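Notes follow the structure.
Residue numbers (the numbering used here): 3 to 151.
Okay, here's the thing in structure tokens:
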């Protein structure tokens, strides 16, 4: 690490904690939460969905921000640069998918209710984030197992 080794070590720890946390959460959302949306009755769906969005946002919001800030810092100054830039690239795709796919689908679900086509699209589209967060976790395990930190 080229800049403030102790600070970069803490950034790496925060990065790993946030990434591992998000990986666990995304698998729970992918396998339990999103498929469970279809079991909410049409009359209760709006409140159920509002609760999900509010609750999950309070959990994932801080983790995603920590993950992004530490990924930016590590990509800017940590070694090996190629690794940290690749990890940042995966995160950029995750954020793009969230903003351009998952977010708009949640907006449609909030307005139109539990349409089966929207629910299927939500689950299918979320596989990208599930795979990429899993790849980020695997990459961090590989990085630390090699003793590069």
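All residues carry an ideal CB built from backbone N, CA and C; glycine is no exception.
If you're wondering where the values come from, they're calculated on a predicted model, not measured in any experiment.
{"Item": "Reduced DSSP secondary structure (H/G/I, E/B, other) of residue 3", "Value": "Here residue 3 scores only 44 on pLDDT, less than 50, and its place in the model is too uncertain to base an answer on."}
{"Item": "Residue 26, DSSP secondary structure in three states", "Value": "helix"}
{"Item": "Backbone CA spacing between residue 125 and residue 98 [nearest angstrom]", "Value": "16 Å"}
{"Item": "With 16 other Cβ atoms within 10 Å as the buried cut-off, status of residue 69", "Value": "buried"}
{"Item": "Distance cut-off 7 Å: residue 39 Cβ against heavy atoms of the ligand SAH", "Value": "As far as ligands go, the structure on display features none, and thus does not contain the ligand SAH."}
{"Item": "Reduced DSSP category for residue 42 - H, G, I as helix; E, B as strand; rest coil", "Value": "coil"}
{"Item": "DSSP-derived helix/strand/coil call for residue 150", "Value": "coil"}
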